[in-house]
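>
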Amino acid sequence: MRLRISTTYSGEIEVSESEVIDFPNGLPAFENETRWILQPYRGPFHVLQSVHTVELAFLVCEIFSVFPDYQIELPSSVTEPLQLTNTKQASLWTILTIKDPFETSTANMAAPLVLNVDSKKGKQYILQDSEYSRQFPLLLENLGFHQALWRKP
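Under full-length UniProt numbering, the first residue of the sequence shown is numbered 1, with each subsequent residue one higher.
1. With respect to the beta strand (DSSP E) encompassing Thr79, which residues constitute its N-terminal and C-terminal limits?
2. With a threshold of 8 Å, are at least 3 pairs of Cβ atoms found where one atom belongs to the region 108-123 and the other to the region 88-99?
3. Determine whether the beta carbon atoms of Pro112 and Ile63 lie at a separation below 8 Å.
4. Would you decide whether Lys99 is buried or exposed? Buried here means 16 or more other CB atoms lie within 10 Å of its CB.
5. With three or more C-beta pairs closer than 8 Å as the rule, is the region 39-59 touching the region 123-138?
6. How far does the beta strand (DSSP E) with Phe58 in it reach, from first residue to last?
7. Can you list, in chain order, the residues of its chain whose CB lies under 6 Å from that of Arg134, leaving out five sequence neighbours each side?
8. Leaving out the 5 sequence neighbours to the left and right, which residues in its chain are closer than 8 Å to Ser18 when beta-carbon positions are compared?
9. Let's see if you can read the secondary structure: which residues bound the beta strand (DSSP E) around Pro40?
10. Mark Pro44 as exposed unless 16 or more other C-beta atoms lie within 10 angstroms of its C-beta, in which case mark it buried.
11. For Ser16, count neighbouring Cβ atoms within 10 angstroms of its own Cβ and tell me buried if that reaches 16, exposed if not.
12. Note down, in chain order, each residue of its chain lying with its Cβ closer than 7 Å to the Cβ of Gly26, except the 5 sequence neighbours on either side.
Set out below in structure tokens:
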């Protein structure tokens with residue numbers, strides 16, 4: 001089945017129902033928004049777009065593409081609802097805050113988005129007593145590409 005949805009960055013698009021990621025509990029502060037899609041943007045960036053609310057979209061990136069040394073343990077309170085049985089099923093993403101100048105942009109490493117790539121289920125996992133910050137510096141050196149890739153056309 002195909003869905004037509006309005007998006008923040010790409011206008012109206014058509015996606016397959018199989019591309020929709022179900023966040024059964026929504027995201028903190030957006031508990032009623034349970035259906036999302038990931039759209040490629042530029043470089044390692046993607047947009048996590050609400051299926052129902054055009055204005056609700058977050059710039060995200062897969063954590064290990066930018067921060068290869070990131071390490072956390074996922075408790076059963078995360079793995080069981082997502083039906084994660086092995087690490088190959090899991091994909092970890094971080095929500096970004098893009099600032100001006102770009103060099104001051106940050107990543108929320110203390111609350112990764114955990115996705116089961118097989119079942120298309122997701123959950124935001126808020127770490128307790130973590131060394132990671134909600135405003136972890138997103139440095140150009142980590143990204144290995146020019147900041148012009150980020151800028152909207």
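Built from N, CA and C at the ideal position, the CB exists for glycine as well.
The short version:
1. No beta strand (DSSP E) holds Thr79; the alpha helix (DSSP H) holding it covers 76-79.
2. yes
3. yes
4. exposed
5. no
6. 57-62
7. Asn108, Ala110
8. Lys120
9. 35-40
10. buried
11. exposed
12. Asn32, Glu33, Thr34
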